[in-house]
Each structure stands twice: as structure tokens, then as C-alpha cells.
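Q: As numbered in numbering that gives the first Met the number 0, residues 0 to 293 make up the sequence shown, in order. From the three backbone atoms N, C-alpha and C, an ideal C-beta is built for every residue, glycine too. Sharing a structure with you now.
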Amino acid sequence: MSQNTNQTEPSATIDLKDLGTVHRLGFGAMRIVGDGVWGEPADRQAAIAVLRRAVELGVDFIDTADSYGPNISEEIIAEALHPYAEGLKIATKVGFTRTGPNKWIPVGRPEYLRQQTELSLRKLKVDTLDLLQLHRIDPKVDAEEQFGVLRELQDEGKVKALGLSQVSVAELEAAGKHFTVSTVQNRYNLTDRSSEDVLEYAEANGIGFIPWAPISAGELAQPGGPLDEAAKRLGATASQVALAWLLRRSPVMMPIPGTGSVKHLEENLAAAALRIDDATYAELEAASKAAAES
């Protein structure tokens with residue numbers, strides 16, 4: 000198992016296949032829409048302010064999806080940031096349809112994936128998507144068909160890079176027969192390490208690993224817990240330590256914490272400068288493994 004256990008300076012950037020170099024700490028745009036990832040945000044101007052501030056602070060990788068809103072997250076990104084700054088990469092996802100708040104239904108029919116990709120191009124106001132990710136593999140549709148249409152879209156110049164979300168190593172390998180996998184986006188945090196094998200595969204194969212729910216820490220963040228204690232020693236917040244741990248965990252790790260608040264955004268992005276000493280890293284690693292196994 001490859002682990003970054005030495006107290007060396009973690010690289011601030013990662014070079015993604017077919018996409019180029021981006022900073023490893025990005026921004027996830029799921030929370031700039033309404034409750035249940037549904038409808039308009041409570042304050043659209045506040046959402047726009049968050050996006051603009053993120054770019055001001057050096058964020059050059061923003062992750063969204065056609066299903067966030069649906070549509071609304073992509074539309075707000077375009078309203079806030081188009082024309083996009085040079086070097087800014089916008090990643091989106093297709094493969095989920097929405098029937099209401101907190102309801103997610105995978106749809107992987109090739110014609111649907113193609114339609115949603117075309118709509119994302121329109122909403123984001125671009126001719127080519129920087130990164131298109133399959134939000135989920137639809138179990139009702141042959142996976143080869145889903146991978147095939149993604150490759151077609153890339154061959155047609157509508158997509159620069161391709162990725163997957165919430166997949167196994169076997170699924171990553173199967174997709175890799177159709178296209179170069181630039182990123183994989185699986186749930187991973189201090190208390191959920193069920194995708195450890197996927198992370199190791201990504202690291203071995205130069206694939207960016209985007210952990211969703213990166214700040215979730217459960218009991219570890221409770222008062223007196225190991226994350227809370229580490230935060231106090233380091234003069235940081237628990238969220239900052241959780242993000243800094245991820246950045247140290249692997250050089251291919253790309254956390255994308257999301258928020259609808261400029262204050263929380265600034266707090267999260269400060270994690271890029273936080274350095275975790277060896278002893279603290281070892282304590283968090285032990286606590287994390289114990290929590291993940293419980």
C-alpha cells in the first residue's frame with residue numbers, strides 16, 4: 000500500500016491526463032443550489048459571490064453536474080464566471096436524472112448521456128467540456144454502451160477528458176479499455192475508506208482521485224476526539240485538518256469541498272497551506288482506520 004507518511008511538502012498541483020495541471024484543492028458546486036440539491040439557492044447572488052471568490056483565491060478546478068438543481072449549478076457557474084479565466088477547468092457529470100429533492104435515478108442510455116452532454120455544453124457556454132464524468136454506471140444498461148458513448152463524445156471534440164464516479168477497480172479497468180480515465184470520484188474521508196483499493200489503483204495509474212464528502216468525520220470531530228484535538232494543536236479547524244489529511248494521504252487526491260458561504264470557502268481553502276506533522280498524521284491514520292472498520 001502506498002501512503003504519503005513522510006513529512007514532505009505535498010505537491011499543490013496534479014497533472015491530469017487529457018486535461019492538464021490543476022491545483023489539488025478545488026471547489027465542488029453541489030451546495031450552491033437549493034435544499035436537497037434541488038431548485039434555486041436561497042440567495043443566488045451569494046452563490047455567485049462564492050464562485051468568484053474561489054477563483055480569486057486560486058481555485059482552477061470546479062466540479063459540478065447536470066443533476067445539481069438540476070441544471071442550476073451549471074447555469075450559475077456560467078453566470079458567475081463566463082468568460083472563464085485562462086487555466087480554469089470546469090468538470091461536470093451526466094448519468095443521473097432527478098425526480099425531486101434528494102432523489103437520484105441513474106440513467107445510462109446512450110441517447111440520454113449524449114443529450115445531457117449537449118445541454119451541459121449549452122449551459123456552461125462552451126464548445127468543449129473540460130472534464131465529463133459518468134455520475135453513475137446504470138445497472139440497467141450495458142456498461143460497454145455507456146463507456147462507448149463517452150468515447151464517441153471525446154472523439155467528436157465535445158469533451159477533453161473523461162472520468163467516472165463511485166466505481167470499483169474492475170469498472171475502472173473496463174472503462175479504461177474504451178478511453179483514458181482522467182479522474183475517479185468516489186466517497187472517501189477519515190471515516191469512510193471503503194474505496195481504498197480504488198485510491199491505490201488511481202495512484203498506481205496516474206488517475207486523479209476526487210473524494211466526495213471529504214470533510215465528513217463523524218465522532219472523530221466531536222469535542223475531545225482525535226480530529227478535534229489535532230485541530231487545537233495545529234491552530235486550525237477540524238474541517239481544515241480533515242482536508243489537509245486527505246492532501247497528504249496521496250499525491251493524486253483532489254478534494255473539492257463545497258459550500259454556499261464565502262467565509263466557509265475561505266476557511267476550507269486555507270487547508271492547502273496546513274501541514275500535518277508526522278505524529279499527528281499517524282494518530283489520525285490510526286483513528287481513521289479504527290473508525291472505518293467499526
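Should D34 be labelled buried (16 or more other beta-carbon atoms within 10 Å of its own) or exposed?
A: To locate residue 34, count along the sequence shown from 1; it is residue 35. Label assigned to D34: exposed.
Q: For a minimum of 3 consecutive residues, which ranges assigned as the beta strand (DSSP E) are wholly contained in the stretch 105–155?
A: 128–133
Q: If you drop the 5 nearest sequence neighbours on each side, which residues of the same chain put their C-beta closer than 8 Å to that of M253?
A: Numbered from its first residue, the sequence shown carries residue 253 at position 254. Excluding five sequence positions before and after M253, the CB atoms of its chain that fall closer than 8 Å to its own CB belong to I13, V21, R23, L24, G25, F60, T182, G207, F208, I209 and P210, given in chain order.
Q: In whole angstroms, what separates the C-alpha of T4 from that of L118?
A: As a position in the sequence shown, residue 4 is number 5, starting the count at 1. As a position in the sequence shown, residue 118 is number 119, starting the count at 1. For T4, the predicted structure reports a pLDDT of 41, less than 50, and the residue's modelled location is therefore unreliable. The matter cannot be settled from this model.
Q: Quick check: T236 and A216, are their CB atoms within less than 7 Å of each other?
A: One-based indexing of the sequence shown puts residue 236 at position 237. One-based indexing of the sequence shown puts residue 216 at position 217. Cβ atoms of T236 and A216: not closer than 7 Å.
Q: Pick from N267, E199, P222 and R232: whose alpha carbon is nearest that of A243?
A: To locate residue 243, count along the sequence shown from 1; it is residue 244. Checked all of N267, E199, P222 and R232; the closest Cα to A243 is N267.
Q: Who are the near neighbours of P9 in its chain, counting only those whose CB is closer than 6 Å to its CB and skipping five residues on each side?
A: Counting from one through the sequence shown, the residue named residue 9 turns up at place 10. Same-chain partners within the cutoff: L246 and R247.
Q: Using 8 Å as the Cβ pair cut-off and three pairs as the minimum, do the stretch 157–170 and the stretch 118–127 touch?
A: Between the stretch 157–170 and the stretch 118–127, the count of C-beta pairs closer than 8 Å reaches three or more; the two stretches touch.
Q: What separation, rounded to the nearest whole angstrom, lies between the Cα atoms of N188 and L149?
A: To locate residue 188, count along the sequence shown from 1; it is residue 189. To locate residue 149, count along the sequence shown from 1; it is residue 150. Going by the C-alpha atoms only, they are around 28 Å apart.
Q: In whole angstroms, what separates the C-alpha of R274 from that of G147?
A: Counting from one through the sequence shown, the residue named residue 274 turns up at place 275. Counting from one through the sequence shown, the residue named residue 147 turns up at place 148. Distance between the alpha carbons of R274 and G147: 42 Å.
Q: To the nearest whole angstrom, what separates the beta carbons of R113 and L152, a pair I think is in contact under 8 Å?
A: On the sequence shown, position 114 is the one that residue 113 refers to. On the sequence shown, position 153 is the one that residue 152 refers to. The pair is a contact, with the Cβ atoms about 7 Å apart (cut-off 8 Å).
Q: Assuming contact is defined by CB atoms lying nearer than 7 Å, are T179 and A229 in contact in what I supplied?
A: Residue 179 sits at position 180 when you count from the first residue of the sequence shown. Residue 229 sits at position 230 when you count from the first residue of the sequence shown. No; because the gap between Cβ atoms is not below 7 Å, this pair is not in contact.
Q: Reducing DSSP to helix, strand and coil, say where T279 ends up.
A: Here the question's residue 279 lines up with position 280 in the sequence shown. Helix at T279.
Q: Apart from the five residues just before and just after A11, which ones in its own chain have a Cβ nearer than 7 Å to its Cβ?
A: Start at 1 with the first residue of the sequence shown, and residue 11 comes out as number 12. Hits under 7 Å: H22, R23 and A271.
Q: Going by the DSSP bridge assignment, what does S164 pair with across the sheet?
A: Position 165 of the sequence shown, counted from the start, is the residue given in the question as residue 164. BP columns for S164 point to Q184.
Q: With distances taken from CA atoms, which of E85, L120 and G38 is nearest I102?
A: As a working note, residue 102 is residue 103 in the sequence shown. The sequence shown places Lys at residue 102, not Ile. Among E85, L120 and G38, the Cα nearest to that of K102 is on G38.
Q: In terms of alpha-carbon separation, which member of D17, I47 and V36 lies closest to S260?
A: If you number the sequence shown from 1, residue 260 lands on position 261. In terms of Cα proximity to S260, the closest of D17, I47 and V36 is I47.
Q: Classify A201: buried if its beta carbon has 16 or more other beta carbons within 10 angstroms, exposed otherwise.
A: As a working note, residue 201 is residue 202 in the sequence shown. Its Cβ being crowded by 16 or more others within 10 Å, A201 is buried.
Q: So, with DSSP's three-state summary, where would you put V58?
A: Residue 58 sits at position 59 when you count from the first residue of the sequence shown. If DSSP states are grouped into helix, strand and coil, V58 belongs with coil.
Q: Counting only the same chain and skipping the five closest in sequence on each side, list residues whose C-beta sits under 6 Å from that of I104.
A: Stepping through the sequence shown from its first residue, residue 104 is reached at position 105. The residues are T96.
Q: Can you tell me whether D42 is buried or exposed? The criterion is at least 16 other CB atoms within 10 Å of its CB, across all chains shown.
A: On the sequence shown, residue 42 is found 43 positions in, with the first residue counted as 1. So D42 ends up on the exposed side.
Q: Thinking just about the alpha-carbon of each residue, which of P100, R186, S287 and L161 is nearest to the one in K88?
A: By 1-based counting over the sequence shown, the position of residue 88 is 89. Taking only the C-alpha atoms, the option nearest K88 is L161.
Q: Out of K16, G175, D137 and A291, state which residue places its alpha-carbon closest to the alpha-carbon of Y111.
A: As a first step, residue 111 must be located in the sequence shown, where it is residue number 112. Nearest of K16, G175, D137 and A291 to Y111, Cα basis: D137.
Q: Is T116 closer than 7 Å to V140 when the C-beta atoms are compared?
A: Taking the sequence shown and counting its residues from 1, the one referred to as residue 140 is at position 141. Taking the sequence shown and counting its residues from 1, the one referred to as residue 116 is at position 117. No, these two residues do not count as a Cβ contact at 7 Å.
Q: To the nearest angstrom, report how far apart L18 and L163 are at their CA atoms.
A: Residue 18 sits at position 19 when you count from the first residue of the sequence shown. Residue 163 sits at position 164 when you count from the first residue of the sequence shown. Those two C-alpha atoms are separated by around 15 Å.
Q: Pull up the distance between the alpha-carbon of V168 and that of E144, whole angstroms please.
A: The count along the sequence shown starts at 1 and reaches residue 168 at position 169. The count along the sequence shown starts at 1 and reaches residue 144 at position 145. In a straight line, the C-alpha of V168 is about 18 Å away from that of E144.
Q: What's the gap between the Cα of Y67 and the Cα of P222?
A: Counted from its first residue, the sequence shown places residue 67 at position 68. Counted from its first residue, the sequence shown places residue 222 at position 223. The C-alpha of Y67 lies about 33 Å from the C-alpha of P222.
Q: Around the C-beta of D196, are 16 or more other C-beta atoms found within 10 angstroms, so that it is buried, or is it exposed?
A: The residue labelled residue 196 in the question sits at position 197 within the sequence shown. Exposed, since its Cβ has fewer than 16 Cβ neighbours within 10 Å.
Q: Spell out the partners DSSP gives W211 in its beta bridges.
A: Counting from one through the sequence shown, the residue named residue 211 turns up at place 212. In the DSSP output, where bridge partners are listed per residue, W211 has R186.
Q: Scan the stretch 30–81 and note each continuous alpha helix (DSSP H) run of 4 residues or more that stays entirely inside, going in chain order.
A: Taking only runs of at least 4 residues, the alpha helix (DSSP H) segments lying wholly in the stretch 30–81 are 43–55 and 71–80.
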